Structures are given as structure tokens and as C-alpha cells.
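J.: Would you mind keeping the following structure in view while I ask a few things?
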Amino acid sequence: MTTTEQPAQDPRTEPSTLAGERESLEGWLDYHRATLALKCQGLDDEQLRQASAPPSELTLLGLVRHMADVERHWFRRILTGEDAAPLHWSDEDPDGDFHVTEDHTWDEAYATWQEEIGHARERAGGRSLDEVSAGRSRSGELFNLRWIYTHMIEEYARHNGHADLIRERVDGATGD
Numbered sequence: 119m120t121t122t123e124q125p126a127q128d129p130r131t132e133p134s135t136l137a138g139e140r141e142s143l144e145g146w147l148d149y150h151r152a153t154l155a156l157k158c159q160g161l162d163d164e165q166l167r168q169a170s171a172p173p174s175e176l177t178l179l180g181l182v183r184h185m186a187d188v189e190r191h192w193f194r195r196i197l198t199g200e201d202a203a204p205l206h207w208s209d210e211d212p213d214g215d216f217h218v219t220e221d222h223t224w225d226e227a228y229a230t231w232q233e234e235i236g237h238a239r240e241r242a243g244g245r246s247l248d249e250v251s252a253g254r255s256r257s258g259e260l261f262n263l264r265w266i267y268t269h270m271i272e273e274y275a276r277h278n279g280h281a282d283l284i285r286e287r288v289d290g291a292t293g294d
């Protein structure tokens, strides 16, 4: 049973209120990535696998696994058109990222998530916000990088709200 490290202080940094568009988008995305990590810190694997409000299966570990797949989907499959298969879900189990078992650990989920964040940064780096994706959605839509950044911020913000409630239910911790 691994325990995540408890931060000495909040490691997040909000983007400058005077930041340009790209710096602001990347800054808010990084802020929300760090928020999810912060919500998981100090908990052991069992706590990270704890569903907060049955019948919902939503757990902090499941959220981290889900966001690894979301990062992979938007930056690798859509932005660059890579043939990058889903990590934790399938057509047979479309919510597989949320279906955590005792075999799923923080160390594995965190490493995979961080690896996908690294891939995302690498693939977005040097591209114009107006650059159109090489990959398409299931319905055939194309996306510019600006849209992808905005969607990722929205995706993290929504799930960080879930993480707030899950964390409070797991151990009573509250905060930004």
C-alpha cells in the first residue's frame, strides 16, 4: 500500500493576470493538472480506490486514470493523428478507466498520467494555437489547438470538482 506524499505547501501557480493567450491557456491547464495531483496527495492506494458516493464508482484513482486517457486522446490521437490505443478503456468497457481494482496502484496510474502529460506538452510545443488537428473526432470534426487547450481546462476543472467531493468524503480534507 503506497501513500502519496503530502505537500509542504500548495505547489500550484496561477498564470499571470497579464499573460498572453498561449501562456494563459498552458498555465491554466498546468494549474488544473496540479490540482488533481494535490487532491490525491497524502492518501494510500486503498483510499485512492475508495468510491465516495455509491452507487457511483468514481474514485480519485479512477479520475487520474481517466485523465491519462483524456490527455492521450486529445494530444496524441486528435492533435497529431497518432494511432494511440486507449490505455484503460475499450469498446467492451468504455468506462474501464474508472473501474479500479486492488491491482491498480497510485504509482502506476501517476506514472502513466505524467507520461501522457509529457507527450501532450511535446506534441503541442511549437504549434500555433490556430493549427488544425491531424486527427478527427468520431463524427469527423477537426479541432485547432486553442480548442483542445480550452476543452482540456474544462475537462480538468469539472473533474477537479468531483475530486474535491471525493477527497472530502475519504478523509475530510477540503480546500481549493
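Going by the numbering used here, the sequence shown wraps up at 294, each residue one higher than the last. By construction, the Cβ of each residue, glycine as well, lies at the ideal position given by its N, Cα and C atoms. Here the structure is a predicted model, which is why all the values come from computation and not from measurement.
1) Whole angstroms is fine: what's the gap from G214's alpha carbon to D162's?
2) Decide if the stretch 192–206 is in contact with the stretch 152–160; the criterion is three or more beta carbon pairs, one per stretch, under 8 Å apart.
3) Put D209 into one of helix, strand or coil per three-state DSSP.
4) Out of S246, E259, D294 and W231, which has the shortest C-alpha to C-alpha gap to G180?
5) Would you check if there are 3 or more beta carbon pairs closer than 8 Å linking the stretch 185–200 to the stretch 252–268?
6) With a 10 Å radius around its C-beta and 16 neighbouring C-beta atoms as the bar for buried, classify E189 as buried or exposed.
7) Helix, strand or coil: which one does DSSP assign to V182?
8) Per DSSP, V218 forms a beta bridge with which residues?
9) Give me, in chain order, the residues of the same chain whose beta-carbon lies closer than 7 Å to that of H280; leave out the 5 immediate sequence neighbours on both sides.
10) Here's the rule I'm using: 16 or more other beta-carbon atoms within 10 Å means buried, otherwise exposed. How should Q127 be labelled?
11) Quick check on the burial criterion: 16 or more other C-beta atoms within 10 angstroms. Buried or exposed for P125?
12) Could you check if A79 is buried or exposed, using at least 16 other CB atoms within 10 Å of its CB as the buried criterion?
13) Quick one: using the 10 Å Cβ neighbour count with 16 as the cut-off for buried, is A171 buried or exposed?
14) For A227, collect the residues of the same chain with a Cβ closer than 6 Å to its Cβ; drop the 5 residues on either side in sequence, then sort them by chain order.
15) To the nearest angstrom, report how far apart L260 and E144 are at their CA atoms.
16) Buried or exposed: E234, going by 16 or more other Cβ atoms within 10 Å of its Cβ?
T.: According to the data block:
1) In a straight line, the C-alpha of G214 is about 21 Å away from that of D162.
2) no
3) coil
4) With respect to the C-alpha of G180, the residue from S246, E259, D294 and W231 having the closest C-alpha is W231.
5) yes
6) buried
7) helix
8) Answer is none; V218 lacks a bridge partner.
9) Closer than 7 Å at Cβ, skipping near neighbours: L176 and L181.
10) Q127 counts as exposed, since fewer than 16 other C-beta atoms from the protein chains shown sit within 10 angstroms of its C-beta.
11) Confidence at P125 is low in this model, with a pLDDT of 47, below 50, so its placement is unreliable and the value that follows should be read with caution. The residue in question, P125, is exposed, as its Cβ has fewer than 16 Cβ neighbours within 10 Å.
12) This structure leaves residue 79 out entirely; the chain is present only between 119 and 294.
13) A171 sits exposed, since fewer than 16 C-beta atoms from the chains shown fall within 10 Å of its C-beta.
14) L179, V182 and R183
15) 20 Å
16) In this structure E234 is buried. Its beta-carbon is surrounded by 16 or more other beta-carbon atoms within 10 angstroms.
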